[in-house]
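Below you'll find the structure, written out as structure tokens, and then a few comments.
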Amino acid sequence: MSDNQLRIVWIYPDLLSTYGDQGNALVVERRARQRGLDVARLDVRSDQAIPTSGDIYLIGGGEDRPQRLAAERLRRDGGLHRAVENGAIVFSVCAGYQILGHEFINDLGQREPGLGLLDVVSTRGEGDRCVGDVLGDIDPRLGLPPLTGFENHQGVTQIGPHARPLAQVRFGNGNGTGDGTEGAYNDTVFGTYMHGPVLARNPQIADLLLKLALDVNALPPTDDRWYEALRNERIAAAQQPA
Amino acid sequence: MAGNSDPLTPRAKIAVTAGKAVARASRAAGRGSGSVIGGRVALKLDPDLLHRLAGHLDVTLVSATNGKTTTTRLIAEALKAAGPVVSNALGANMPAGITSALASGSEARYGVLEVDEKYLVGVAQATDPKCIALLNLSRDQLDRAAETRMLAENWREGLAGSKAVIVANADDPLVVWAASSSPNVIWVAAGQMWKDDAWSCPSCGGVMQRPGDDWFCGECGFRRPTPSWALSGDHVLDPHGSAWPIHLQLPGRANKANAASSAAVAAVFGVPPQVALERMYQVQAVAGRYDVVQFQGRDLRLLLAKNPAGWLETFSLIDPPPAPVILSVNARGADGTDTSWLWDVDYTRLTGHPICVVGDRKLDLAVRLEVANQQFQVCEDLDQAVQLCPPGRIEVIANYTAFQDLRRRVGN
Numbered sequence: 145m146s147d148n149q150l151r152i153v154w155i156y157p158d159l160l161s162t163y164g165d166q167g168n169a170l171v172v173e174r175r176a177r178q179r180g181l182d183v184a185r186l187d188v189r190s191d192q193a194i195p196t197s198g199d200i201y202l203i204g205g206g207e208d209r210p211q212r213l214a215a216e217r218l219r220r221d222g223g224l225h226r227a228v229e230n231g232a233i234v235f236s237v238c239a240g241y242q243i244l245g246h247e248f249i250n251d252l253g254q255r256e257p258g259l260g261l262l263d264v265v266s267t268r269g270e271g272d273r274c275v276g277d278v279l280g281d282i283d284p285r286l287g288l289p290p291l292t293g294f295e296n297h298q299g300v301t302q303i304g305p306h307a308r309p310l311a312q313v314r315f316g317n318g319n320g321t322g323d324g325t326e327g328a329y330n331d332t333v334f335g336t337y338m339h340g341p342v343l344a345r346n347p348q349i350a351d352l353l354l355k356l357a358l359d360v361n362a363l364p365p366t367d368d369r370w371y372e373a374l375r376n377e378r379i380a381a382a383q384q385p386a
Numbered sequence: 007m008a009g010n011s012d013p014l015t016p017r018a019k020i021a022v023t024a025g026k027a028v029a030r031a032s033r034a035a036g037r038g039s040g041s042v043i044g045g046r047v048a049l050k051l052d053p054d055l056l057h058r059l060a061g062h063l064d065v066t067l068v069s070a071t072n073g074k075t076t077t078t079r080l081i082a083e084a085l086k087a088a089g090p091v092v093s094n095a096l097g098a099n100m101p102a103g104i105t106s107a108l109a110s111g112s113e114a115r116y117g118v119l120e121v122d123e124k125y126l127v128g129v130a131q132a133t134d135p136k137c138i139a140l141l142n143l144s145r146d147q148l149d150r151a152a153e154t155r156m157l158a159e160n161w162r163e164g165l166a167g168s169k170a171v172i173v174a175n176a177d178d179p180l181v182v183w184a185a186s187s188s189p190n191v192i193w194v195a196a197g198q199m200w201k202d203d204a205w206s207c208p209s210c211g212g213v214m215q216r217p218g219d220d221w222f223c224g225e226c227g228f229r230r231p232t233p234s235w236a237l238s239g240d241h242v243l244d245p246h247g248s249a250w251p252i253h254l255q256l257p258g259r260a261n262k263a264n265a266a267s268s269a270a271v272a273a274v275f276g277v278p279p280q281v282a283l284e285r286m287y288q289v290q291a292v293a294g295r296y297d298v299v300q301f302q303g304r305d306l307r308l309l310l311a312k313n314p315a316g317w318l319e320t321f322s323l324i325d326p327p328p329a330p331v332i333l334s335v336n337a338r339g340a341d342g343t344d345t346s347w348l349w350d351v352d353y354t355r356l357t358g359h360p361i362c363v364v365g366d367r368k369l370d371l372a373v374r375l376e377v378a379n380q381q382f383q384v385c386e387d388l389d390q391a392v393q394l395c396p397p398g399r400i401e402v403i404a405n406y407t408a409f410q411d412l413r414r415r416v417g418n
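So the protein sequences, as listed, match chains A and B.
When we follow this note's numbering, the leftmost residue of the first sequence carries the number 145, and every step to the right adds one.
When we follow this note's numbering, the leftmost residue of the second sequence carries the number 7, and every step to the right adds one.
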């Protein structure tokens, strides 16, 4: 973080903001301000350059054609690579998660190169779309409470040796690989299929992103009673048969 | 066309009679109006029934993400100036409900039919409409509906070469994309507050430029067509440039836009705008929407808003602060089971309003409002929320099944 201002970059709202995932930016921003931080939120449209000096970059889910357009423009732009080299934190959802990997299947049914910032490869599942509430256990290394979210995708994402699963699902599909993994992460880049938005359902993940960006081990507490109430309700709901 | 006194085949007559009997039985059993189940039975007995029933009518179809039911009512009211009208006025907008509505109006000359977006192309093929009104397209129930642009493409392909006059909103790029494959389009500048589903050119994927009220794609040249009708403040401008005042009992900018589109449709059938707009004043509440009801000694205005575009228009019409607001959200099948869309609604617009939240998903609303830095109270039910509201008329905003729950509770 430079000059005491936390810079949150919301990537391509014109293409990848279809499933309420801008809520992730709102939650990170709110929780940073509650800790007394000076926050700048930059919304970057796909005809603008990605700034390389951001602290936290957020990418959301989108429809199939916008996903291809976003991948093309992000590859051409190159800014996100430089931001990651500078130590930025990236958190991505669904279509955005696939874009951060090595490749995915685009709207034309072809293999589309991603950004290669996360060691995953996505294909398209044969079966029904995965739709519904999800409950999972986050990788114990991260020391976080259970993951709750809402999935709505047809992707199948395989994790390579340079990334780890973000969570193991108890209910729901996650990465769609059949082994119960959900999402993926490395030191600074995170991906998940969870909407909800996921950071509204899991504010401790938002705090993890803040801690990584600020390079601190702890943050002042916040009043999270409504988050907790929502989490309890959704965790119970995920365990009910549909 | 009108004039044929007995266009139905014996099979169709049996289907209509059977459908009505099932609908009566369903009503008697307390299962709603029975129009959908009745229509389903009738269509099963005669799959061509919709085509046959529409055959002797001048049909107008109305489709959109928001405003279908109200606009259908406004058009129906306007066309009554020209002759008897049959309409699915209560919003049963899939083929079964439409069939049922048509079966109930054998004396009518005009059919004014609200059609669910996903069924528009099929219903247009079955009913051979004279006119199709396309109002807007935006994200809605993404966990079960088609993607918004795919829907526009479905309309575009299905309506290409249609003989109908298409009355379409020039201010919605997705609607323009959908309508512009048709040879006969009347463009209405009806406005649209929600813009977040059309930043990407539906034609080439380029980034849309939106200076002021105009819009165009910088890459392929796809651009806003020149409208012949327009909503201008409280007036409708007709193609001759005459301004006609809009007097509605229904509130809000979106309903003025609906009235402008309705006036353009009425003109297709020879009803002049001043006559059409005068008749639209009759429309008070539509299936309970906008109704002001008394409940526990308080005035409640019931407002339906199902998706981000609808909530945006609704926030623009409520009484200013400190008018109390009750929000209710469910996520049952008919609502879409994903509540993520709440995060595309800008709740900072409610700053200054006392807010109570109810409904199955009140906790999603609570977190949403907390992050928007709003003051709010989470209530068990409507009764408790009304008791907690400070004085003044209460604006109650709810999504689909939450709205139905509210109507039941207040006896509306």
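Ideal placement from N, C-alpha and C gives every residue a C-beta, glycine not left out.
Nothing here was measured: the structure is a model prediction, and the numbers come from that model.
Does any residue of chain A bring its CB to less than 9 angstroms from the CB of residue i?
i                  : result
Asn-160 of chain B : no
Glu-153 of chain B : yes
Trp-205 of chain B : yes
Ser-93 of chain B  : no
Val-331 of chain B : no
Gly-316 of chain B : no
Lys-312 of chain B : no
Met-286 of chain B : no
Gly-9 of chain B   : Low confidence applies to Gly-9 of chain B: its pLDDT is 39, below 50, so where it sits in the model is not reliable enough to give any reading.
Leu-148 of chain B : yes
In its own chain, which residues sit with a C-beta less than 7 angstroms from the C-beta of residue i, not counting the 5 before and 5 after it?
i                  : result
Ile-252 of chain B : Asp-240, His-241, Val-242, Lys-262, Ala-265 and Leu-283
Ser-11 of chain B  : In this prediction, Ser-11 of chain B has a pLDDT of 44, which is less than 50 and means its spatial position is unreliable; what the coordinates show is noted afterwards. Answer for Ser-11 of chain B: no residue qualifies.
Thr-77 of chain B  : Val-68, Ala-139, Leu-141, Asn-264, Ser-267 and Ser-268
Pro-135 of chain B : Val-65, Thr-66, Leu-67 and Ala-170
Glu-83 of chain B  : Arg-285, Met-286, Gln-288 and Val-289
Lys-26 of chain B  : Gly-44 and Ala-109
If I measure Cβ to Cβ from residue i and keep anything under 6 angstroms in the same chain, skipping five residues before and after, which residues do I get?
i                  : result
Tyr-163 of chain A : Gly-205 and His-339
Ala-132 of chain B : Leu-56 and His-57
Ala-404 of chain B : Ser-334 and Leu-412
Pro-90 of chain B  : Glu-113, Ala-114 and Arg-115
Asn-190 of chain B : Val-171
Ala-357 of chain A : Asp-199, Ile-200 and Ile-233
Leu-309 of chain B : Thr-320 and Ile-403
Using a Cβ-Cβ cut-off of 9 angstroms, state whether residue i counts as contacting chain B.
i                  : result
Gly-327 of chain A : no
Val-275 of chain A : yes
Asp-187 of chain A : no
Pro-341 of chain A : yes
Asp-263 of chain A : no
Ser-266 of chain A : no
Ser-190 of chain A : yes
Who does residue i pair with in a DSSP beta bridge?
i                  : result
Phe-382 of chain B : Partner(s): none; Phe-382 of chain B has no beta bridge.
Tyr-329 of chain A : A:Arg-308 and A:Phe-334
Met-214 of chain B : B:Cys-223
Asn-296 of chain A : A:Val-275
Phe-228 of chain B : Partner(s): none; Phe-228 of chain B has no beta bridge.
Ser-93 of chain B  : B:Val-118
Arg-46 of chain B  : Arg-46 of chain B pairs with nothing; no bridge assigned.
Val-242 of chain B : B:Leu-237 and B:Trp-250
Asn-175 of chain B : B:Val-194
So, at 8 angstroms on beta carbons, what are the nonlocal neighbours of residue i in its own chain, with the 5 sequence-adjacent residues on each side left out?
i                  : result
Asn-230 of chain A : Thr-196 and Ser-197
Gln-215 of chain B : Trp-221, Phe-222, Cys-223 and Gly-224
Pro-314 of chain B : Ser-144, Arg-145, Trp-200, Asp-202, Trp-347, Asp-350 and Val-351
If residue i and residue j are in contact, beta carbons under 8 angstroms, what's the gap, nearest whole angstrom?
i                  : j                  : result
Pro-330 of chain B : Ile-400 of chain B : 5 angstroms
Glu-270 of chain A : Glu-256 of chain A : Contact flag wrong, Cβ pair sits at about 19 angstroms.
Trp-317 of chain B : Arg-145 of chain B : Contact doesn't hold; Cβ gap of about 12 angstroms is too wide.
CB of residue i to nearest heavy atom of the ligand PLP: below 8 angstroms?
i                  : result
Gly-316 of chain A : The model on display carries no ligand, and the ligand PLP is accordingly not part of it.
Subject >> Residues of the stretch 333-357 of chain B with Cβ closer than 8 angstroms to any Cβ of chain A, in chain order >> reply: Flagged, chain order: Thr-343, Asp-344, Thr-345, Ser-346, Trp-347, Leu-348, Trp-349 and Asp-350.
Subject >> Residues from the stretch 155-166 of chain A in contact with chain B, defined by Cβ distance under 8 angstroms >> reply: Per Cβ criterion, the list reads Pro-157, Asp-158, Leu-159, Ser-161, Thr-162, Tyr-163, Gly-164, Asp-165 and Gln-166.
**OP:** Could you run through the stretch 131-145 of chain B and flag, in chain order, every residue whose CB is less than 9 angstroms away from some CB of chain A?
**Re:** The stretch 131-145 of chain B vs chain A, Cβ under 9 angstroms: Arg-145.
**OP:** Return the residues of the stretch 200-226 of chain A that lie within a Cβ-Cβ distance of less than 7 angstroms from chain B, sorted by chain order.
**Re:** Glu-207, Arg-209, Pro-210 and Leu-213: these are the residues of the stretch 200-226 of chain A whose beta carbon lies less than 7 angstroms from some beta carbon of chain B, given in chain order.
Original post:
Using a Cβ cut-off of 8 angstroms, which residues of the stretch 372-386 of chain B contact any Cβ in chain A, in chain order?
Top reply: Residues Ala-372, Val-373, Arg-374, Glu-376, Val-377, Ala-378, Asn-379 and Val-384.
**OP:** Compile a chain-ordered list of the residues in the stretch 345-372 of chain A whose CB is closer than 8 angstroms to at least one CB of chain B.
**Re:** Flagged, chain order: Trp-370 and Tyr-371.
Original post:
Taking Cβ-Cβ distances below 7 angstroms as the criterion, which residues of the stretch 284-301 of chain A are in contact with chain B?
Top reply: Result list: Phe-294 and Asn-296.
Original post:
When Cβ atoms are compared, which residues of the stretch 211-224 of chain B fall closer than 7 angstroms to chain A?
Top reply: Under the 7 angstroms Cβ criterion, the stretch 211-224 of chain B contributes Gly-211 and Val-213.
Original post:
What are the residues of the stretch 309-324 of chain A that lie near chain B, defined by any Cβ-Cβ distance shorter than 9 angstroms?
Top reply: Cβ contacts with chain B come from no residue of the stretch 309-324 of chain A.
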